[in-house]
Amino acid sequence: MASATAGPTPHAVSAGERDASRARGRTVKRRRDNRAGWAFVAPFVVFFVAFLVVPIVWGLYLSFTATSLTGAGNHLVGFANYFEAFGDADMWRSMGNTVWFTVLSTIPLVVVALAMALLVNTGLPGQWLWRLSFFMPYLLASTVVSQIFLWLFNPQLGLFNHLLTSIGLPPSNWLNDQDIAMYAVVGTTVWWTVGFNFLLYLAALQNIPESQYEAASLDGAGTWRKLWSITLPQLRGTTGLIVVLQILASLKVFDQIYQMTTGGPNGSTRPIVEYIFESGFTGYRFGYSSAISYIFFAMIVIISIAQFTAGRRGDAIARADRADARRRRAAVRAATKGQAA
Amino acid sequence: MSPLSRRQLLVGGASILGGAVLAGGLTGCATGSTAASGADRLQFWHLLTGGDGAKMADLVKRADAATGVAAQQTVLAWGTPYYTKLAMASVGGRAPDLAIMHASRLEGYAPGGLLDTWDDDLLAEFGVRESDYPAAVWKKTFVDGKHYAVALDAHPFVQFYNTDILDKAGALGSDGRIVDISSPDQLLEVGRAVKGVTKTHGISYGYLNDGANLWRMLYTLYRQQGATMVFTPGKKAEVEKDAAMAALDFMKTMLDGDIAANAADGGTALAEFVTQKSGIMFTGVWDTPSMKDAKIPFDAQPIPPMYSEPAAYADSHTFVLPHQNVVDEQKRRDAHEFVAAIVKRSLSWAQAGHIPAYNPVTDSAEYKKLLPQAHYAGAADIANYDPQAWFTGAGSDFQTAVGNALQGVLLGQTKPEAGWDQLMGVVNKKLSEPNPAG
Chain A
347 MASATAGPTP HAVSAGERDA SRARGRTVKR RRDNRAGWAF VAPFVVFFVA
397 FLVVPIVWGL YLSFTATSLT GAGNHLVGFA NYFEAFGDAD MWRSMGNTVW
447 FTVLSTIPLV VVALAMALLV NTGLPGQWLW RLSFFMPYLL ASTVVSQIFL
497 WLFNPQLGLF NHLLTSIGLP PSNWLNDQDI AMYAVVGTTV WWTVGFNFLL
547 YLAALQNIPE SQYEAASLDG AGTWRKLWSI TLPQLRGTTG LIVVLQILAS
597 LKVFDQIYQM TTGGPNGSTR PIVEYIFESG FTGYRFGYSS AISYIFFAMI
647 VIISIAQFTA GRRGDAIARA DRADARRRRA AVRAATKGQA A
Chain B
61 MSPLSRRQLL VGGASILGGA VLAGGLTGCA TGSTAASGAD RLQFWHLLTG
111 GDGAKMADLV KRADAATGVA AQQTVLAWGT PYYTKLAMAS VGGRAPDLAI
161 MHASRLEGYA PGGLLDTWDD DLLAEFGVRE SDYPAAVWKK TFVDGKHYAV
211 ALDAHPFVQF YNTDILDKAG ALGSDGRIVD ISSPDQLLEV GRAVKGVTKT
261 HGISYGYLND GANLWRMLYT LYRQQGATMV FTPGKKAEVE KDAAMAALDF
311 MKTMLDGDIA ANAADGGTAL AEFVTQKSGI MFTGVWDTPS MKDAKIPFDA
361 QPIPPMYSEP AAYADSHTFV LPHQNVVDEQ KRRDAHEFVA AIVKRSLSWA
411 QAGHIPAYNP VTDSAEYKKL LPQAHYAGAA DIANYDPQAW FTGAGSDFQT
461 AVGNALQGVL LGQTKPEAGW DQLMGVVNKK LSEPNPAG
């Protein structure tokens, strides 16, 4: 920049020198700024490298070795761990459990959160009470939630079986029935974490301009029409965000399952994260455990890409729709203008 | 919600840092309060919490006073988390000087070089010899002929009973102890009679989501039939399926909803027994303090021999020397002296329900007066530990696999044959793999 402004005349040369020295000053200043900047990000960078970059690279290396917890077997074995994992029925079953949990939990965690937010936003009396009670469970530690629900699901003393038997239904074994345990865990998870999504939706709802509803009312739109044509489209962005966050959170499930069923009964709720933990820390096989982690990692990447593309296609459709609507409006305007003329 | 301002962030960050400094200062105080500094003290890790933890803390204090060895306890969560951390600490070269380990886990740790051996001469110098131990317990502290552990106790699976309720059910002898039971059918009959008194259940037994407790009862009944279970790496498991089927069949019959609840976990079973809604409970000796606290009239005995021979599942808490890259001879000597001092004072450990392994303690007059402990002390002589293998033992993958495969059998969801075959499938797979720690 500075050299570009420097002209050929003596007068301009001195001006150029001035500019150049100013530029030098700027560079020094920028360098000093950079130093300060680096100083500010250094703590993060140190943690990022030490606890994310290094473990990721190290884990990838481990996945090609037969390393055990004790450090024995520290030699390269090629893709043996990966081949073993692909043929490991328990690995696939755990992966399936994680995916099934994600499907089962994500849908209610979005739909229920939206329903609760819409209800609260209708202006019920005692809004703070609803907000508080819907959000409160989210603040509990996973251990607390697990304990509460272990007691509720207790086959002998639990509230749920008490309710079932009091209305004449047979009691259930809940967490100890292979066909029911996963649903029980999903129910617990929904109760626990729906508050966060609810809060996101509520905030988004309160950001929709009132004028849009007024305009729609003037055009004679009823409550349902306003919900379908204003509220839901305006929540599109938030819904996309919630779905992405929720899928990632659900794929990582571990705490409540480990605490409530330790993956049982008979592995029917064991998520892939627990299988990774078991392979490495109780089975001592770090190499194998790392290989499974990377398979899981690959799966998450695939899901993310799929989601991203689906999201983009959705956006493209929405853009096309909007363009379409603009064209139609223009056509209508043109037509009415023509009529007026 | 307003975004965090920079000032809030700085104040928050500072308070976190301050907290860390404070916490550091506090631990510093705790370790510095005695003469020796943290690093110089004998580092002792264990997994004993609750009543066991309090008793151990007391024992450590008394052994410290008697020997002048300043031991520093570190208490970690029972089971998998503890054993994982212990192994990693040994691998990382930061192992404690001394640790508690279940005897059943030695096989998984010793061959991998995670443990060092005890010096028998030094132990004898401090008064701990082979002749001071029940043979079954002493033998269990060896792996491949090397002495890796000093046993503190044996803690078998036993039978508790409520004397009041059993008296009413006509199941109490003239000596005030439960009548002799010599067959499975007879036990079921007594269970039914007791249910007639309590109206809820006759027997309490919890196994839900607790493969360990399921295994303890199953293995007791299995071994009582004289059946053996041998796991040899590289070979298929040598088991007697008929005996396993008979044991599972008996357990299923017992868990019929009348004699015992069909589906209960350990906590529920204990609650039922201490609120006198049942008259008999099958559980480990460690539940003794809870029953004492409940102030119910109760006694206990080893599981009655219902088949061909007496046998009881048991495990032992033992002291081990985690492997040190560089051995500090003074600390090694201290560890020997300290462990000998604890073992000799283990009468108080008996109050936690465990049977002290050191014979001079169980032979003492004070112990004989301790009830119901003295009434089940004989179970140490018929102690049966997990089949030896690197993947078996307390809190191991094997016990988890037992729960996975057989819980469904007891709940009536799986056929006994299918459940057993599933378990053997897991065991045979493990046997075909090399010991990853070896």
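Protein chains in written order, with the working numbering: chain A, 347 to 687; chain B, 61 to 498. Ideal Cβ placement from N, Cα and C applies to all residues, glycine included.
| Item | Value |
| --- | --- |
| Assigned secondary structure, GLU298/B (DSSP; H/G/I helix, E/B strand, else coil) | strand |
| Neighbouring residues, chain A, relative to GLN459/B (Cβ below 7 Å) | Per Cβ cutoff of 7 Å: no residues; GLN459/B is ~11 Å from chain A at best. |
| Residue environment, LYS200/B, which counts as buried when at least 16 other CB atoms sit within 10 Å | buried |
| Residue-chain proximity (GLN473/A, chain D), Cβ-Cβ < 8 Å | Of the chains in the structure shown, none is chain D; the protein chains are A and B. |
| Range covered by the beta strand (DSSP E) that runs through ASN222/B | 213–222 |
| For ASP192/B and PRO382/B, believed in contact at Cβ under 8 Å, the rounded distance | PRO382/B to ASP192/B, Cβ: 24 Å. No contact. |
| Rounded C-alpha distance that separates ASP379/A from MET161/B | 57 Å |
| Distance between GLY236/B and THR330/A (C-alpha atoms, nearest Å) | Limits of chain A in this structure are 347 at one end and 687 at the other, which puts residue 330/A out of reach. |
| TRP474/A versus ASN467/A - alpha carbon distance | 11 Å |
| Sub-8 Å separation of LEU545/A and PHE481/A beta-carbons | yes |
| Contact under 8 Å by Cβ, ALA214/B with ALA374/B | yes |
| Residues bridged to PRO416/B [DSSP beta-bridge criterion] | ASP213/B |
| Short-range partners of chain B found in the segment 519–538 of chain A, where Cβ spacing is below 9 Å | ASN519, LEU521, ASN522, ASP523, GLN524 and ASP525 |
| Chain-ordered neighbours of ALA465/B on chain A, where CB pairs are closer than 9 Å | ASN612 |
| Nearest candidate by alpha-carbon position, reference GLY286/B, set ALA372/B, PHE202/B, LEU102/B and VAL254/B | ALA372/B |
| Coil, strand or helix - ALA671/A by DSSP | helix |
| Neighbour flag for ASN500/A against chain B, beta carbons, 8 Å | yes |
| Bounding residues of the beta strand (DSSP E) (the contiguous stretch that carries ALA229/B) | First-last for ALA229/B: undefined, no H or E at that position. |
| Proximity test, Cβ basis, 8 Å: THR140/B and chain A | yes |
| Exposure of GLY295/B, with buried meaning 16 or more beta-carbon neighbours within 10 Å | First, the amino acid is wrong: residue 295/B is Lys here, not Gly. Looking at its Cβ environment, which holds fewer than 16 other Cβ atoms inside 10 Å, LYS295/B is exposed. |
| Members of the segment 627–646 of chain A that neighbour chain B once the beta carbon cut-off is set at 7 Å | PHE627, THR628, GLY629, TYR630 and ARG631 |
| Interface flag, THR292/B vs chain A, CB-CB below 8 Å | no |
| Cβ neighbours of SER636/A in the same chain (closer than 6 Å, five flanking residues each side left out) | GLY405, LEU408 and SER409 |
| Cutoff 8 Å: GLY424/A Cβ touching any chain B Cβ | no |
| Any chain B beta carbon closer than 8 Å to SER414/A | yes |
| Members of the segment 411–429 of chain B near chain A, C-beta cut-off 7 Å | none |
| Chain B contact residues for THR489/A, given Cβ-Cβ distances below 8 Å | Chain B residues near THR489/A: none, gap ~12 Å exceeds 8 Å. |
| Sub-8 Å separation of PRO349/B and PRO362/B beta-carbons | no |
| Nonlocal neighbours in the same chain, by C-beta distance under 6 Å from ALA321/B, ignoring five residues either side | HIS261 |
| Bounding residues of the beta strand (DSSP E) (the contiguous stretch that carries TYR373/B) | 372–375 |
| CB contact flag (THR378/B, VAL210/B, <8 Å) | yes |
| ARG405/B and LEU182/B closer than 8 Å at C-beta | no |
| Classification of ASP388/B by the beta-carbon crowding that lies within 10 angstroms, buried from 16 upward | exposed |
| Proximal residues of chain B, C-beta to C-beta of LEU509/A below 9 Å | What LEU509/A touches in chain B: nothing, since even the nearest Cβ is about 17 Å away. |
| Beta carbon of TRP105/B nearer than 8 Å to that of ALA163/B | no |
| Beta-bridge partners of LEU422/A, as assigned by DSSP | THR411/A |
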